[in-house]
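J.:
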Amino acid sequence: MKKYFLYAISGVSVGELFGLVFSLFFSYLYNLKDYVPSAPTFTNHFSRPLNAVLVSVILWGMMGLVFNFGALIFNIEDWSILKRTIVNFIIYYCGFTPLAILAGWFPLNLINWLVFTGIFVMIYLIMWFINFYAVKQDLKKINRKLRQ
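Read in numbering that gives the first Met the number 0, the sequence shown has 18 at position 19, and its numbers run on one by one without any break.
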């Protein structure tokens with residue numbers, strides 16, 4: 000139980016760090032005078048900017064939880080890599096998408112949802128292939144050592 004608690008703390012922390020870094024990046028990118036945690040369509044729902052920041056931090060932490068616990072799927076050794084990948088993708092997509100919508104990252108309509116989904120799939124595939132390549136290189140190193 001302690002392991003999962005620490006895993007949760009780690010996920011929340013990483014999610015909040017990424018959220019903060021990305022929100023700072025976009026605040027600078029759009030040359031804003033003041034820091035905003037998300038798009039105006041999100042922040043305008045709050046009477047105080049501080050409330051928008053608080054809700055954003057909570058959402059970023061929840062995003063971190065989704066990705067941290069979703070990654071545990073790859074520890075299930077009884078499953079094929081295909082099954083683990085599909086289940087992991089479903090957890091990531093179904094967990095992250097509602098949080099991204101709540102965070103105001105894109106307006107909720109069909110076109111924006113399709114664009115978001117396309118970007119999500121591309122990023123997932125890039126990350127999957129990078130990870131696959133790294134694991135393949137590790138296996139080659141192990142096999143070389145075994146042959147010696």
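Idealized CB from N, CA, C, for every residue including glycine. None of the values given here were measured: they were computed from a predicted structure.
Could you spell out the range, first to last residue, of the alpha helix (DSSP H) harbouring isoleucine 100?
T.: Here residue 100 refers to the residue found at position 101 of the sequence shown. Unbroken alpha helix (DSSP H) run through isoleucine 100: 80-101.
J.: When you compare each of Val65, Asn87, Ile110 and Arg83 to phenylalanine 95 by their alpha carbons, which one comes out closest?
T.: The residue given as residue 95 occupies position 96 in the sequence shown. Per the Cα distances, Val65.
J.: If the criterion is Cβ atoms closer than 8 Å, does the pair alanine 102 and phenylalanine 41 meet it?
T.: One-based indexing of the sequence shown puts residue 102 at position 103. One-based indexing of the sequence shown puts residue 41 at position 42. For alanine 102 and phenylalanine 41, yes; Cβs fall inside 8 Å.
J.: Quick check: what's the CA-CA separation for lysine 139 versus tyrosine 132?
T.: For the purposes of this step, residue 139 is taken as residue 140 along the sequence shown, with counting starting at 1. For the purposes of this step, residue 132 is taken as residue 133 along the sequence shown, with counting starting at 1. The straight-line gap from Cα to Cα measures roughly 11 Å.
J.: Restricting to Cα atoms, I'd like to know which of Asn74, Asp77, Ala70 and Lys82 is closest to methionine 126.
T.: Within the sequence shown, numbered from 1, the residue matching residue 126 stands at position 127. For the residues Asn74, Asp77, Ala70 and Lys82, the minimum Cα distance to methionine 126 belongs to Ala70.
J.: Determine the burial state of methionine 61: buried for a count of at least 16 other Cβ atoms within 10 Å of its Cβ, exposed for fewer.
T.: Residue mapping note: residue 61 aligns to position 62 of the sequence shown, counting from 1. Methionine 61 should be labelled buried.
J.: Compute the distance between the beta-carbons of tryptophan 104 and serine 37, then report whether it is under 8 Å.
T.: As a working mapping, residue 104 is identified with position 105 in the sequence shown. As a working mapping, residue 37 is identified with position 38 in the sequence shown. A contact, by the Cβ cut-off of 8 Å.
J.: When burial is assigned at 16 or more other CB atoms within 10 Å of the CB, is glycine 18 buried or exposed?
T.: Taking the first residue of the sequence shown as 1, we reach residue 18 at position 19. Counting Cβ neighbours within 10 Å, glycine 18 comes out buried, since at least 16 surround it.
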